[in-house]
Amino acid sequence: MPALSPLAPERFPELPAIDGLRLATAQAGVKYRDRTDVMLAVLDPGATVAGVFTRSATRSAAVLDCQAKIGGDSDAGAAILVNSGNSNAFTGRAGEASVARICAAVARACDVPEDRVFTSSTGVIGERLPDDRITAAIDGLVGGLAPGGIDAAARAIMTTDTFPKGAVRSVEIGGETVTIAGIAKGSGMIAPDMATMLVYIFTDASIQRALLQDMLGDLTDRSFNAITVDSDTSTSDTLLMAATNKGSAVHDRHGPFEDALGDLMLDLAHQVVRDGEGATKFIQIDVSGAESDADARKVASAIANSPLVKTAIAGEDPNWGRIVMAVGKSGAAANRDTLRITFGDIEVARDGWVSPDYTEARGAEYMKRDEITIGVDLGLGDGADTMWTCDLTHAYITINADYRS
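Under the UniProt record's numbering, the final residue of the sequence shown carries the number 405; numbering is consecutive throughout.
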């Protein structure tokens, strides 16, 4: 396993059992030795499942299968099986056959319909999935199913991650407390487009699928779609959320449940950035004053994905000229003479020139921090957006140069 990210949380949160959910993990040997690499989640009959998936034109067989099944009948139980080490992407008909065999085996073992079995795979692209190793582990997984165990599931889905990612929120609805618990994996190939990495969220709240799907889509744009590590969108990005419908009912949008879910999703998204391959700095980019929110996202994305900006921050160089460059190349409306740039509360540039109060020494001192905030005000309108990213270090090259070896 790679060395722990210096931006890692102090500890993994204590994730409680969710009524109506059982989990198990196993060592199937898909790629890794002496570590768990498969997780199985089984949901009681009546659970609703919603999902958001990558828009990649080369998305994996598992993603295509999930997309075809999402929104099915919730009267039966459901199961989610995830493997790490192999993404089963760009594997043609063989990949589709692997998904079919896994779904059939899980359906038989868990007594759920095949169209209620959802699979995800993450890891190397273009290599056939040794699905026989996974199906051989299913009986053991079923025998090990138990409430709780979400922390073990978070570890089983890791690839180049240096720490498992989890979050939990509780919210009172109708005088009762409902729980939302989620796990994620992701470290590299992170520039989500509609969904992100692999993310699984569970709640005991009662909620109709259409309502849950609407929430999930909107909240994804403000969390997982607002992060980037390296500007590359995965073929396997999958976000699945299941409501077991054992607790209080959620009937409307924009209430306390949605607020709690959005907070949890942003927490997980931030953890992914903090575990960016080789990352040493967590970077927030706040853009305001754009002609539109869409223009603000263009600017934020251009800065967040710029190798020149990210390497400067890695070297603790306050090279604000690279931010000017990124604004200019973004395609958004911009005006030199209305542009304002800040590092935290330090004004760096305004009115088309360096701020008279700015000194290179102040900027260099600020760049020594583990957490950096870059502010850009375009001075043109009310559009705003925020994105999060990390720096780009030599370690990123080392990790990815050796990824398949």
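For each residue, glycine too, the CB sits at the ideal point set by N, CA and C. No experiment lies behind these values; they were computed from the predicted model shown.
Residue i (DSSP reduced to helix, strand or coil)
i      : result
SER170 : strand
MET39  : strand
MET325 : helix
SER248 : coil
ASN83  : strand
THR220 : helix
SER231 : coil
THR393 : coil
TYR200 : strand
ARG22  : strand
ALA401 : helix
MET194 : coil
MET241 : strand
PHE118 : strand
GLU316 : coil
PHE53  : strand
GLU277 : coil
Residue nearest to residue i in terms of C-alpha spacing, selected from the options
i      : options                           : result
GLU291 : VAL99, VAL299 and SER187          : VAL299
VAL38  : ALA136, ARG108 and GLU277         : ALA136
ARG297 : ARG362, ASP377 and LEU43          : ASP377
ALA368 : LEU380, GLY344, ASP357 and ALA384 : Reading the sequence as shown, one finds Lys at residue 368 and not Ala. Nearest of LEU380, GLY344, ASP357 and ALA384 to LYS368, Cα basis: GLY344.
ILE374 : TRP388, GLY383, GLU365 and THR280 : TRP388
ASP131 : ALA107, GLU96 and ASP111          : GLU96
GLY247 : ARG155, ASP351 and ALA205         : ALA205
ILE399 : SER223, ILE341, THR159 and ALA249 : THR159
ALA312 : ALA332, ALA334, GLY363 and ALA294 : GLY363
Counted within 10 angstroms of its Cβ, other Cβ atoms place residue i as buried (16 or more) or exposed
i      : result
ILE397 : exposed
GLY321 : exposed
LEU23  : buried
ASN86  : buried
LYS310 : buried
HIS270 : buried
ASP267 : buried
PRO356 : exposed
MET4   : The displayed chain sequence assigns Leu, not Met, to residue 4. The residue in question, LEU4, is exposed, as its Cβ has fewer than 16 Cβ neighbours within 10 Å.
PRO164 : buried
THR48  : buried
GLY192 : In the sequence as presented, Gly is not what sits at residue 192; that position holds Pro. Result: buried.
ALA26  : buried
Assumed close pair residue i, residue j - CB separation to whole angstroms, cut-off 8 Å
i      : j      : result
TYR200 : GLY182 : 7 Å
ARG15  : ASP161 : Checking the sequence shown, residue 15 turns out to be Leu, not Arg. No, LEU15 and ASP161 are not in contact; Cβ-Cβ is about 17 Å, not under 8 Å.
ASP139 : ALA184 : Actually they are not in contact, since the Cβ atoms of ASP139 and ALA184 sit about 28 Å apart, beyond 8 Å.
ILE70  : GLY51  : 5 Å
GLU360 : PRO318 : 7 Å
PHE257 : VAL171 : 6 Å
ASP73  : PRO45  : At roughly 10 Å, the Cβ-Cβ gap does not stay under 8 Å, so ASP73 and PRO45 are not in contact.
THR54  : THR233 : 6 Å
ILE303 : ILE323 : 6 Å
THR280 : THR393 : 6 Å
ARG253 : MET194 : Their Cβ separation, rounded to whole angstroms, is 19 Å, which puts ARG253 and MET194 out of contact at 8 Å.
SER187 : ASP275 : 5 Å
THR179 : ALA243 : Incorrect: roughly 11 Å between the Cβ atoms, too far for contact.
Residue i - partner residues in DSSP beta bridges
i      : result
LYS165 : ALA184
CYS66  : Answer is none; CYS66 lacks a bridge partner.
GLU347 : THR342
ASP382 : Answer is none; ASP382 lacks a bridge partner.
MET153 : Checking the sequence, you will find Ala at residue 153 rather than Met. Partner(s): none; ALA153 has no beta bridge.
PHE282 : GLU371 and CYS390
LEU7   : For LEU7, which the question treats as bridged, DSSP gives no partner whatsoever.
ASP377 : SER288 and ARG340
PHE90  : PHE90 pairs with nothing; no bridge assigned.
ALA78  : LEU43
GLY143 : Partner(s): none; GLY143 has no beta bridge.
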